[in-house]
Amino acid sequence: MLVRILVLLYLAGAPALAQTLCQPNASNGYRVRISIKTALGNQAYEWNENEMFLFRATMAFAMRRCYKTETYNVDNIIVCNQTLRVSFWFVVTSPENSTMLIPKADVEKAVSMSRHRINNAFLLTDRTLEFLGIHPTLAEPVNPDTPPWLIVFGVVIGAVFAGIIALLVSSLLQKRRKEKGMMEDGQDEEDMQVKGVENGNVLDGIYNRGFTDDDRFTKL
Amino acid sequence: MEDSKVGEERPKWNNKTEYLLTCIGFAVGVGNVWRFPYLCQIYGGGAFLIPYLIALVFQGLPLLYLELAIGQRLRMGSIGVWNSISPYLGGVGVASMVVSFCVSLFYNTIVAWVLWYLFNSFQEPLPWSQCPLNHNNTGYVEECVESTPVNYFWYRQTLNITPNMETSGSLQWWMVVSLATAWSIVYICFIRGIETIGKAVYITATFPYLVLTIFLVRALTLPGAYEGLIYLFTPDWEILKNPQVWLDAATQIFFSLSVAFGGLISFSSYNSQKNNCERDAVLVGVINSATSIYASIPIFAILGFKAHTNYVTCLNGNILALTNEFDISDMNITVENYEQWFDSLNGTHPSRVSDLNLKTCDLQTFLDQSASGTGLAFIVFTEAVISMPGSQVWAVLFFIMLFSLGLSSMFGNLEGILTPLHDLKLVPKWMPNELFTAIICLLSFLMALIFCLGSGNYWLEIFNSHVGSVPLLIIAFFEIIAVAHIYGIGRFSDDLEFMTGHRPNIFWKVCWLVISPLMLFVVLVAYVVAQAQTHHTYAAWNPDYVNFPDTEVLPYPDWVFAICVLLSSVPVISIPLVAIYRLVCCMSGRHSEDRLHNDPNPYANEVQSQKHVPVPIA
Numbered sequence: 001m002l003v004r005i006l007v008l009l010y011l012a013g014a015p016a017l018a019q020t021l022c023q024p025n026a027s028n029g030y031r032v033r034i035s036i037k038t039a040l041g042n043q044a045y046e047w048n049e050n051e052m053f054l055f056r057a058t059m060a061f062a063m064r065r066c067y068k069t070e071t072y073n074v075d076n077i078i079v080c081n082q083t084l085r086v087s088f089w090f091v092v093t094s095p096e097n098s099t100m101l102i103p104k105a106d107v108e109k110a111v112s113m114s115r116h117r118i119n120n121a122f123l124l125t126d127r128t129l130e131f132l133g134i135h136p137t138l139a140e141p142v143n144p145d146t147p148p149w150l151i152v153f154g155v156v157i158g159a160v161f162a163g164i165i166a167l168l169v170s171s172l173l174q175k176r177r178k179e180k181g182m183m184e185d186g187q188d189e190e191d192m193q194v195k196g197v198e199n200g201n202v203l204d205g206i207y208n209r210g211f212t213d214d215d216r217f218t219k220l
Numbered sequence: 001m002e003d004s005k006v007g008e009e010r011p012k013w014n015n016k017t018e019y020l021l022t023c024i025g026f027a028v029g030v031g032n033v034w035r036f037p038y039l040c041q042i043y044g045g046g047a048f049l050i051p052y053l054i055a056l057v058f059q060g061l062p063l064l065y066l067e068l069a070i071g072q073r074l075r076m077g078s079i080g081v082w083n084s085i086s087p088y089l090g091g092v093g094v095a096s097m098v099v100s101f102c103v104s105l106f107y108n109t110i111v112a113w114v115l116w117y118l119f120n121s122f123q124e125p126l127p128w129s130q131c132p133l134n135h136n137n138t139g140y141v142e143e144c145v146e147s148t149p150v151n152y153f154w155y156r157q158t159l160n161i162t163p164n165m166e167t168s169g170s171l172q173w174w175m176v177v178s179l180a181t182a183w184s185i186v187y188i189c190f191i192r193g194i195e196t197i198g199k200a201v202y203i204t205a206t207f208p209y210l211v212l213t214i215f216l217v218r219a220l221t222l223p224g225a226y227e228g229l230i231y232l233f234t235p236d237w238e239i240l241k242n243p244q245v246w247l248d249a250a251t252q253i254f255f256s257l258s259v260a261f262g263g264l265i266s267f268s269s270y271n272s273q274k275n276n277c278e279r280d281a282v283l284v285g286v287i288n289s290a291t292s293i294y295a296s297i298p299i300f301a302i303l304g305f306k307a308h309t310n311y312v313t314c315l316n317g318n319i320l321a322l323t324n325e326f327d328i329s330d331m332n333i334t335v336e337n338y339e340q341w342f343d344s345l346n347g348t349h350p351s352r353v354s355d356l357n358l359k360t361c362d363l364q365t366f367l368d369q370s371a372s373g374t375g376l377a378f379i380v381f382t383e384a385v386i387s388m389p390g391s392q393v394w395a396v397l398f399f400i401m402l403f404s405l406g407l408s409s410m411f412g413n414l415e416g417i418l419t420p421l422h423d424l425k426l427v428p429k430w431m432p433n434e435l436f437t438a439i440i441c442l443l444s445f446l447m448a449l450i451f452c453l454g455s456g457n458y459w460l461e462i463f464n465s466h467v468g469s470v471p472l473l474i475i476a477f478f479e480i481i482a483v484a485h486i487y488g489i490g491r492f493s494d495d496l497e498f499m500t501g502h503r504p505n506i507f508w509k510v511c512w513l514v515i516s517p518l519m520l521f522v523v524l525v526a527y528v529v530a531q532a533q534t535h536h537t538y539a540a541w542n543p544d545y546v547n548f549p550d551t552e553v554l555p556y557p558d559w560v561f562a563i564c565v566l567l568s569s570v571p572v573i574s575i576p577l578v579a580i581y582r583l584v585c586c587m588s589g590r591h592s593e594d595r596l597h598n599d600p601n602p603y604a605n606e607v608q609s610q611k612h613v614p615v616p617i618a
């Protein structure tokens, strides 16, 4: 009988006890803020009990992953003060002793370690799934071995120098050809001029009437 | 045929198109894109077009016509031309050459900056879109967080600017590399003189128009473009009562047309004499102004888009603060119903709302954040480009356009240096043209290394505002006085009749004789007075400044001020010096009087020979 009363008391008191463990501004609790519509727009899902269950399960996973010796369960994650925003507070209790809370720093370590997995479980990002007080790890900047601008610069300067050399060489060749050509041209011109004079005399000659065939007019 | 055996024939243009494109390319420069829209905006939009067009018609076109005509008639570079017109005014040509040299130094540095941004546009994500991490990867670089990533990329990663002018800093190797590229590209286009320039301008003079059209189409589809355009073009007629507007319109036209550099004279000297330069001048002038107006449309559409984006970001910040504070469901407050929510929340919980320190988001304030010059291109526009989908493409297009604009203007600048040197026969006979051009380019590159120091940007601003302003006005004033009054309008009209087939009409004559010199004189005096009155200060980027990210306003040190005065006066000092020198020569050597009066006689060029035939006074 006494045992039954004790069991009943325990069953009634446990959630109450859990509630007292999880309070807003609890020293060992974290506040979570979720912005589903901002992240997903038209494909936003509704936040309901099932999603909350997934959150608690994910947090238990994160704690297990970080502290491999202890087996955390969904019951170890207590959630309270859910608002329409969607935001809520959560605390983590130890698997051995359900009244003992895991210190803030340890929870933070677990969350930071599995942040990427937690985000992906909800299709959210560091910005839309906020753990207030835990700074998101900054993305590693992509540092290529050669800065990309050097590559573009190399291409451009290579083309320009190739062009300069090509133009200079072609100018030089053109000059050489002109000099050679001028020496030969000089002789050709003289020949042509001489020939021209000869031909010119004949072409420029005045028509000599003495050689016309006008016998028919004078034949009377 | 007669002078083909005398010496080298003067090079000539392959066809008229190349000549026109080169002149248009010289006149249309980066200023058309980043100075005119800014002026249009601050001076009451559409109303600014009135003083601008008046200045074009009464000051710009006559000067342009004059330079093209004398270059074509006398067939020499700027020094030779002014020596011909009057030996006492030979200094005008020397001044043109010195100004061209100084301007080409800093202008090509701007081209180098454009190249640097162009090289960096081939990355994903764009380097100016996010802050880099600091040393231990715990956060972002502080300087970047306090200002913006765009500002950080420009001031720190591009210029690596020093906090003030006294600190010179060191040579920034990446800037040196970009500058070398810029000068190499200029050299390759100049390698065979106008033969290669003529080919290059087919691209450099036409490509900007293509890009502007693409931007126009893209920009008009962006949200906020409409607001930007309305803001730009809404005329504020009251502004016309402010004399500063007229002064700025006149100076804008003057500097935009690139007269007084000597480059236009050189380009037209390669024409045949029987060319209608009147039509050319009107064409170049009108196209230049039309380009300015055409360019301001996409620029302002994009600036309107940027203002809209900033406004929405500001509002979203406020919305997030309100949503978090009052635990309202996500996305219940939107940009559209923000006002109602704010009013209701402020009514019920005023203290909590005021504690949030919400920013006031006003679209007009964002639209007012205008910029001109390098600020427009490298800060404002790059920020706008980040928000456009496909940012890399737009960034690449924009910087290639700026590069083409700058390169085609550099052609004119360099031509204003090379042709007078050739005509003065200062080039040794044994030196081929390619080598001489290379030497000039190398010399300019070495001198322009000043602008690659940490304090380079401050020096560039000094050069820009002192060399590229007052000396040009003085040179142009002497040019127009020389031709209209010393050479004589009658003789000039005869020359124009010989070249174009008809005498200039009364409009041109009145402009040359009275209106343009008067306008130039007034603008010159007003400009000098305005410069003298402004406190000699500069804006420095100092991360340790109390009000950072605002720029710190510092006064010029005395030695810098002395340099400013030198920069304004040394180019034009040759005008009085040469006049005095000739006077002294004239007084001391009476026997050379004939030579001075009659040689060089411009009419000796009628037979297209290069020799000056002294003709005794009959």
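Sequences listed follow chains D and A, in order.
Position one of the first sequence corresponds to residue 1 (full-length UniProt numbering), numbered consecutively onward.
Position one of the second sequence corresponds to residue 1 (full-length UniProt numbering), numbered consecutively onward.
In this text, a Cβ means the ideal position worked out from N, Cα and C, and glycines have one as well.
**OP:** Could you check which residue in A:Trp508, A:Ala530, A:Asn464 has the C-alpha nearest to that of residue 623 of chain A?
**Re:** A query on residue 623 of chain A cannot be resolved here, the shown segment of chain A reaching from 1 to 618 and no further.
Original post:
Among A:Leu61, A:Trp183, A:Arg73, which has the Cα closest to the Cα of A:Cys441?
Top reply: As a working note, residue 441 of chain A is residue 441 in the second sequence. Nearest C-alpha to A:Cys441: A:Trp183.
**OP:** Determine the extent of the alpha helix (DSSP H) in which A:Leu414 is found, giving its start and end residues.
**Re:** Along the second sequence, one-based indexing puts residue 414 of chain A at 414. Segment 391–423, the alpha helix (DSSP H) holding A:Leu414.
Original post:
Could you give the distance in angstroms between the alpha-carbon of A:Asp362 and the alpha-carbon of D:Cys66?
Top reply: The residue you call residue 362 of chain A lines up with position 362 of the second sequence. The residue you call residue 66 of chain D lines up with position 66 of the first sequence. Taking the straight line from one Cα to the other gives about 48 Å.
Original post:
Are the stretch 346–364 of chain A and the stretch 20–29 of chain A touching by the rule of at least three beta carbon pairs closer than 8 Å?
Top reply: no
Original post:
Which runs of the beta strand (DSSP E) spanning at least 3 residues fall entirely within the stretch 490–542 of chain A, listed in chain order?
Top reply: 537–540, all fully within the stretch 490–542 of chain A.
Subject >> Any chain D beta carbon closer than 8 Å to A:Tyr187 >> reply: Residue numbering aside, residue 187 of chain A sits at position 187 when the second sequence is read from its first letter. Answer yes: the Cβ-Cβ gap between A:Tyr187 and chain D drops below 8 Å somewhere.
**OP:** Output yes if chain D places a C-beta closer than 8 Å to the C-beta of A:Glu434; else output no.
**Re:** As a first step, residue 434 of chain A must be located in the second sequence, where it is residue number 434. So, interface residue.
**OP:** Would you please verify whether the beta carbon of D:Val152 is less than 8 Å from any beta carbon of chain A?
**Re:** Indexing the first sequence from 1 puts residue 152 of chain D at position 152. True, the Cβ-Cβ gap to chain A drops below 8 Å.
Subject >> Other residues of its chain near A:Val150: CB distance less than 7 Å, five sequence neighbours each side excluded >> reply: The sequence position of residue 150 of chain A within the second sequence is 150, counting from 1. Hits under 7 Å: Trp128, Ile379, Thr382, Glu383.
Original post:
Under three-state DSSP, which class holds A:Val141?
Top reply: For this step, residue 141 of chain A is matched to residue 141 along the second sequence. In the structure shown, A:Val141 sits in coil (DSSP, three-state: anything other than H, G, I, E or B).
Original post:
Do A:Val467 and A:Gly90 have their C-beta atoms closer together than 8 Å?
Top reply: As a position in the second sequence, residue 467 of chain A is number 467, starting the count at 1. As a position in the second sequence, residue 90 of chain A is number 90, starting the count at 1. Using a Cβ distance threshold of 8 Å, A:Val467 and A:Gly90 do not count as a contacting pair.
Original post:
So does the stretch 396–416 of chain A actually touch the stretch 206–218 of chain A, counting three or more Cβ pairs closer than 8 Å?
Top reply: yes
Original post:
Where does D:Glu46 fall in DSSP's three states?
Top reply: Taking the first residue of the first sequence as position 1, residue 46 of chain D is located at position 46. Note: D:Glu46 maps to coil in three-state DSSP.
Original post:
Roughly how many angstroms lie between the CA atoms of D:His116 and A:Ala321, to the nearest whole one?
Top reply: The residue you call residue 116 of chain D lines up with position 116 of the first sequence. The residue you call residue 321 of chain A lines up with position 321 of the second sequence. One C-alpha to the other measures close to 25 Å.
**OP:** Starting from A:Ile386, find everything on chain D with Cβ-Cβ shorter than 9 Å and list it in chain order.
**Re:** To locate residue 386 of chain A, count along the second sequence from 1; it is residue 386. Chain-order list of chain D residues neighbouring A:Ile386: empty, with the shortest C-beta distance near 17 Å, by a criterion of under 9 Å.
**OP:** Measure the C-alpha to C-alpha separation of D:Asn81 and D:Met100 and round it to an integer number of angstroms.
**Re:** Stepping through the first sequence from its first residue, residue 81 of chain D is reached at position 81. Stepping through the first sequence from its first residue, residue 100 of chain D is reached at position 100. A straight-line Cα-Cα distance of about 20 Å links D:Asn81 and D:Met100.
Subject >> Collapsed DSSP secondary structure at D:Trp89 in the structure displayed >> reply: Within the first sequence, numbered from 1, the residue matching residue 89 of chain D stands at position 89. DSSP places D:Trp89 in strand when its eight states are reduced to three.
Original post:
Just the Cα atoms here: how many angstroms apart are A:Leu583 and A:Trp82?
Top reply: As a working note, residue 583 of chain A is residue 583 in the second sequence. As a working note, residue 82 of chain A is residue 82 in the second sequence. Spanning the two alpha carbons is a distance of roughly 16 Å.
Original post:
Nearest CA to the CA of A:Ala532: which residue from A:Asp550, A:Val553, A:Asp544, A:Cys564?
Top reply: The count along the second sequence starts at 1 and reaches residue 532 of chain A at position 532. That would be A:Cys564, whose Cα lies nearest to the Cα of A:Ala532.
**OP:** Please list the partners that D:Lys37 has in chain A, where partner means a Cβ-to-Cβ separation under 7 Å.
**Re:** Along the first sequence, one-based indexing puts residue 37 of chain D at 37. Here the neighbours are Asp330, Met331.
Original post:
Is any beta-carbon of chain D found at less than 8 Å from that of A:Thr158?
Top reply: In the second sequence, the residue the question calls residue 158 of chain A occupies position 158. A:Thr158 does not count as touching chain D.
Original post:
What do you get for A:Asp343, buried or exposed, if any count of 16 or more other CB atoms within 10 angstroms of its CB means buried?
Top reply: On the second sequence, residue 343 of chain A is found 343 positions in, with the first residue counted as 1. Per the 10 Å Cβ criterion, exposed.
Original post:
For chain D, is any of its Cβ atoms less than 8 Å away from the one on A:Asp327?
Top reply: As a first step, residue 327 of chain A is located in the second sequence; it is residue number 327 there, counting from the start. Interface residue, yes.
Original post:
Taking the alpha-carbon positions, what's the A:Glu143 to A:His135 distance?
Top reply: As a first step, residue 143 of chain A is located in the second sequence; it is residue number 143 there, counting from the start. As a first step, residue 135 of chain A is located in the second sequence; it is residue number 135 there, counting from the start. Straight-line Cα distance between these residues: approximately 13 Å.
**OP:** Please compile the residues from chain D whose C-beta is within a distance smaller than 9 Å of the C-beta of A:Asn318.
**Re:** Taking the second sequence and counting its residues from 1, one reaches residue 318 of chain A at position 318. Within chain D, no residue comes near A:Asn318; the closest Cβ sits about 15 Å away, beyond 9 Å.
**OP:** Flag this pair as yes or no: are the beta carbons of A:Ser168 and A:Leu453 separated by less than 8 Å?
**Re:** Here the question's residue 168 of chain A lines up with position 168 in the second sequence. Here the question's residue 453 of chain A lines up with position 453 in the second sequence. Between A:Ser168 and A:Leu453, the C-beta spacing is below 8 Å.
Original post:
What residues of chain D sit near A:Phe122, judged by a beta carbon separation below 9 Å?
Top reply: In the second sequence, counting from the first residue as 1, residue 122 of chain A sits at position 122. Result: Pro148, Trp149, Ile151, Val152.
Original post:
Straight-line CA distance for A:Asp355 to A:Leu49?
Top reply: Taking the second sequence and counting its residues from 1, one reaches residue 355 of chain A at position 355. Taking the second sequence and counting its residues from 1, one reaches residue 49 of chain A at position 49. Rounded to whole angstroms, A:Asp355 to A:Leu49 spans 47 Å at the Cα level.
Subject >> Three or more C-beta pairs below 8 Å linking the stretch 293–302 of chain A and the stretch 498–517 of chain A >> reply: no
Subject >> Buried versus exposed call for A:Leu171 [16 or more other C-beta atoms within 10 Å across all chains shown] >> reply: Mapped onto the second sequence, residue 171 of chain A falls at position 171. So A:Leu171 counts as exposed.
**OP:** Could you tell me if A:His422 is buried or exposed, where buried requires 16 or more neighbouring beta carbons within 10 angstroms of its beta carbon?
**Re:** Stepping through the second sequence from its first residue, residue 422 of chain A is reached at position 422. Result: buried.
Subject >> Bounding residues of the alpha helix (DSSP H) (the contiguous stretch that carries A:Cys131) >> reply: Taking the first residue of the second sequence as position 1, residue 131 of chain A is located at position 131. Per DSSP, A:Cys131 belongs to no alpha helix (DSSP H) and is neither H nor E.
**OP:** Reducing DSSP to helix, strand and coil, say where D:Leu123 ends up.
**Re:** Locating residue 123 of chain D in the first sequence gives position 123, counting from the first residue. Coil, per DSSP.
Subject >> A:Ile239 beta carbon less than 8 Å from that of A:Tyr38 >> reply: Within the second sequence, residue 38 of chain A is the residue found at index 38, counting from 1. Within the second sequence, residue 239 of chain A is the residue found at index 239, counting from 1. It is not a contact, given that the beta carbons lie outside the stated cut-off.
Original post:
Looking at the C-beta of A:Phe119, does it have a partner C-beta in chain D at a distance below 8 Å?
Top reply: Translated into the one-based positions of the second sequence, residue 119 of chain A becomes position 119. Cβ-Cβ to chain D under 8 Å: yes for A:Phe119.
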